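Trainee: The sequence shown begins at 399 in the numbering used here and counts up one residue at a time.
Sharing a structure, written as structure tokens. Questions coming.
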Amino acid sequence: MRANFAVKSVALMLCLAIPCMAVPAKDDGGYNVMYDGGSLPGLKAGKKLRMYIETNQIRIMEGNTLVTTLVPSSVKEISYGQDVHRRIGAAIGLAVVSLGIGALMALTKSKKHYVGLTWAAGDVKGGFAMQCDKNDYRGVIAGLEGVTGQKAVNSDAMTVKN
399 MRANFAVKSV ALMLCLAIPC MAVPAKDDGG YNVMYDGGSL PGLKAGKKLR MYIETNQIRI
459 MEGNTLVTTL VPSSVKEISY GQDVHRRIGA AIGLAVVSLG IGALMALTKS KKHYVGLTWA
519 AGDVKGGFAM QCDKNDYRGV IAGLEGVTGQ KAVNSDAMTV KN
């Protein structure tokens, strides 16, 4: 009898807990990006930021602190690209534990998605590169193209002439 009560109690707690976990977090319309370098003062590469693309401005926030605000008409270029590399280091680490998993891991690739912005507002010029989440990458590009009127340029397709 006591075991039956315990099982029912656990089942009831799980029935209540699982729907609570399924409720999505509040979406404020921003994109999580990672600063990769550029002319934004006081930021180092690897800093996690949040970018808000609005009709009259592009805001870059670090937590609750405003880093910069860009007027969409001041954006001169949007570029994007990917950094692809094989996960050799992780594969070697797994190969020590399990040769089969390490071999499979060596065949996988890791992609990082980057978006770059350059702007000029009067005498003030600047730019920065950011790493975007793979799920937000296309949304960031589409949003920036929409508010700025600029077409994003694929930096992987560019060739350098010496």
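Cβ coordinates follow ideal geometry from the N, Cα and C atoms, glycine included.
Source: prediction; values computed, not measured.
#1: So residue 554 packs on residue 479, CB below 8 Å; how close in whole Å?
#2: DSSP on residue 525, reduced to helix/strand/coil?
#3: According to DSSP, is residue 406 part of a helix, a strand, or is it coil?
#4: Quick one: give me the first and last residue of the alpha helix (DSSP H) that residue 542 is part of.
#5: Assuming residue 432 and residue 440 are in contact, meaning their beta carbons sit under 8 Å apart, how far apart are those beta carbons, in whole angstroms?
#6: Going straight from the alpha carbon of residue 488 to that of residue 523, what length do you get?
#7: With DSSP collapsed to three states, give me the class of residue 562.
#8: Roughly how many angstroms lie between the CA atoms of residue 474 and residue 468, to the nearest whole one?
#9: Drop a sphere of 10 angstroms on the beta-carbon of residue 449, count the other beta-carbons inside from all chains shown, and report buried for 16 or more, exposed for fewer.
#10: Around the Cβ of residue 463, are there at least 16 other Cβ atoms within 10 angstroms (buried) or fewer (exposed)?
#11: Would you call residue 519 buried or exposed, if buried means 16 or more other Cβ atoms sit within 10 Å of its Cβ?
Mentor: Walking through what the data contain:
#1: Residue 479 and residue 554 do touch by the CB rule: their CB atoms are close to 5 Å apart, below 8 Å.
#2: Strand at residue 525.
#3: Correct three-state label for residue 406: helix.
#4: Counted as a single uninterrupted DSSP element, the alpha helix (DSSP H) harbouring residue 542 occupies residues 535 to 546.
#5: That pair is no contact at about 16 Å.
#6: Its pLDDT being 47, under 50, residue 488 is placed unreliably by the model, and the measurement read from it follows with that caveat. Spanning the two alpha carbons is a distance of roughly 40 Å.
#7: There is no way to answer for residue 562, as the model of the chain reaches only from 399 to 560.
#8: So the alpha carbons of these two residues sit roughly 11 Å apart.
#9: Classified as buried, residue 449 has 16 or more neighbouring CB atoms from the shown chains inside 10 Å of its CB.
#10: The residue in question, residue 463, is exposed, as its Cβ has fewer than 16 Cβ neighbours within 10 Å.
#11: With fewer than 16 other Cβ atoms from the protein chains shown falling within 10 Å of its own Cβ, residue 519 counts as exposed.
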